[in-house]
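As structure tokens, the structure follows; a few thoughts come after it.
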Amino acid sequence: AKISLVYSNMETICQIPKTCRDLRACLKCRLVKSFEQFQRYGCENCSDSDDPNFAHDHTSPNFQGMITVMNPRESWVCKWNGINSLKPGCYCVSVIDEEQDFDQEEDF
Numbered sequence: 020a021k022i023s024l025v026y027s028n029m030e031t032i033c034q035i036p037k038t039c040r041d042l043r044a045c046l047k048c049r050l051v052k053s054f055e056q057f058q059r060y061g062c063e064n065c066s067d068s069d070d071p072n073f074a075h076d077h078t079s080p081n082f083q084g085m086i087t088v089m090n091p092r093e094s095w096v097c098k099w100n101g102i103n104s105l106k107p108g109c110y111c112v113s114v115i116d117e118e119q120d121f122d123q124e125e126d127f
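Per our numbering, residue 20 is the first one in the sequence shown, and the count goes up by one each step.
Have a look at this one:
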């Protein structure tokens, strides 16, 4: 079962990293969490995160920048980065994975 926090307006938010060690970014939506958090809870934005290998196969430790978002629908930073339709949480500016090629425009 996935555990998520509830924001004051009852919108579900993604888990935020508990530490700066072993951070990874989802290749599809760019959500940033620890490897352990991805293994345990998957990705709150991506429907295919129930895969037991999701943390290893669909995330990367190679990312740049980080944006912490509380209200993505009203944030110009989120709109600029194309993440204004995602849940509140921590996201990277860009993610690189040399082995896999995911289409980041794909529906979540």
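All residues carry an ideal CB built from backbone N, CA and C; glycine is no exception.
Source: prediction; values computed, not measured.
Cβ shell of residue i (< 8 Å), same chain only, five flanking positions each side left out
| i | result |
| --- | --- |
| Ile86 | Val96, Cys97, Asn100, Ile102, Cys109, Tyr110, Cys111 and Val112 |
| Pro91 | Cys97, Ile102, Asn103, Ser104, Leu105, Lys106 and Pro107 |
Close beta carbons around residue i, own chain, < 6 Å, minus the five adjacent residues each side
| i | result |
| --- | --- |
| Ala74 | Phe54, Phe57 and Gln58 |
| Ile115 | Asn81 |
C-alpha distance - residue i paired with residue j, whole-angstrom precision
| i | j | result |
| --- | --- | --- |
| Gln83 | Cys48 | 14 Å |
| Ser66 | Asp41 | 23 Å |
| Arg43 | Asn64 | 15 Å |
Cβ-based burial, residue i [other Cβ within 10 Å; buried from 16]
| i | result |
| --- | --- |
| Cys62 | buried |
| Cys39 | exposed |
| Pro71 | exposed |
Residues near residue i by beta carbon distance below 7 Å, same chain, minus five either side
| i | result |
| --- | --- |
| Asp69 | Gly61 |
| Lys37 | Ser53 |
| Ser94 | Val88 and Asn103 |
Beta-ladder partner(s) of residue i, from DSSP
| i | result |
| --- | --- |
| Gln58 | Gln58 pairs with nothing; no bridge assigned. |
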